[in-house]
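Under the working numbering, the very last position in the sequence shown is 202; numbers go up by exactly one each time.
Ideal Cβ positions, reconstructed from N, Cα and C, are used throughout, including at glycine.
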Amino acid sequence: MQKFTVHTGRVMPLRRSNVDTDQIIPASFMELVTRTGFAEGLFSAWRDDPDFVLNHPERQGADIVVAGPDFATGSSREHAVWALQEYGFAVVISSRFADIFRGNSLKRGLLTVILPQHQVEQIWTLTEQDPQAQVTVDLVERQVRAGDETFPFDFDDVARHRLLNGLDDISLTMNHIAEIEEYETRRPDFTPLTLPARV
């Protein structure tokens, strides 16, 4: 998993609340058997509408979603995270997320930042007035910087450590490989191995 420290990019202001995972990536795309090919399905029902924000030429290359409250509710599909990342988004900012989506995002390195709704609206206004405006999301300092404003955000220390160091679940285990190997040398031969398989 790639490390996440500081990211500066442009915003897609998604002025919609209660966006569920089926709207992010419809169930029809669940037939894919790989973790790729989901970018095409991102918000696909809405992308048929020329007025949908992601279709606006000035939003091409945006890599930060700033969404309304209750983003990614509904089913627990990991594919929502895969679709956002494959399309090129590195950060999603909202005033409230579904817990399962936040957990899935952490495991894949997609940063989810919670800000009060009035600050979300400030970023919307800034980036609608100037679509080229740069927004910086700084996990090191736990800040979002937009225009002249700096918005601090809370982030769990353990989750922050994982993202800053690019540690997925397997990486966390492999960080303890020496202790695991030492433990295995002390176990009786007839007991099952717990040592992770080496690739």
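Mind checking which residues open and close the alpha helix (DSSP H) that includes residue i?
i: S79; result: Here S79 belongs to no alpha helix (DSSP H), and DSSP marks it neither H nor E.
i: G12; result: No alpha helix (DSSP H) contains G12, which is instead part of the beta strand (DSSP E) from V9 to G12.
i: S108; result: D102 to R111
i: L114; result: Looking at the DSSP string, L114 is not in any alpha helix (DSSP H); the run it does join, the beta strand (DSSP E), is L114 to I117.
Where residue i and residue j are concerned, what is the direct C-alpha to C-alpha distance, given to the nearest angstrom?
i: E131; j: R13; result: 11 angstroms
i: T39; j: V84; result: 11 angstroms
i: S47; j: E185; result: 51 angstroms
i: F55; j: F156; result: 29 angstroms
i: V9; j: E182; result: 32 angstroms
i: N107; j: R99; result: 15 angstroms
i: E81; j: S174; result: 19 angstroms
i: D23; j: V116; result: 17 angstroms
i: D51; j: H179; result: 49 angstroms
i: E34; j: E152; result: 43 angstroms
i: S78; j: D25; result: 7 angstroms
i: D160; j: F7; result: 14 angstroms
i: A93; j: T188; result: 42 angstroms
i: D172; j: R111; result: 10 angstroms
i: T11; j: M177; result: 31 angstroms
i: P195; j: R165; result: 30 angstroms
i: R19; j: V123; result: 12 angstroms
i: Q120; j: T37; result: 36 angstroms
i: V202; j: H59; result: Caution is warranted here: a pLDDT of 48 is assigned to V202, below 50, making its placement in the model unreliable, and the coordinate value is therefore given only provisionally. C-alpha separation (whole angstroms): 44 angstroms.
Measure the Cβ-Cβ separation of residue i and residue j and say whether it is below 7 angstroms.
i: V69; j: I27; result: no
i: G169; j: Q63; result: no
i: A149; j: V140; result: no
i: Y90; j: L45; result: yes
i: F154; j: R145; result: no
i: A65; j: M15; result: yes
i: L57; j: Q88; result: no
i: L109; j: A162; result: yes
i: P134; j: E61; result: yes
Hey, could you find the ends of the beta strand (DSSP E) residue i is sitting in?
i: V123; result: Looking at the DSSP string, V123 is not in any beta strand (DSSP E); the run it does join, the alpha helix (DSSP H), is Q120 to Q132.
i: S98; result: Looking at the DSSP string, S98 is not in any beta strand (DSSP E), and its letter there is neither H nor E.
i: V138; result: V138 to D141
Those runs of the alpha helix (DSSP H) which lie wholly inside the segment 19-71 and span at least 4 residues: 24-27 and 47-50
contact_flag[the segment 72-82, the segment 127-143] where n(CB pairs < 8 angstroms) is 3 or more: Cβ pair count under 8 angstroms is below three, so no.
Entirely enclosed beta strand (DSSP E) segments - the segment 148-198, minimum 3 residues: 152-155
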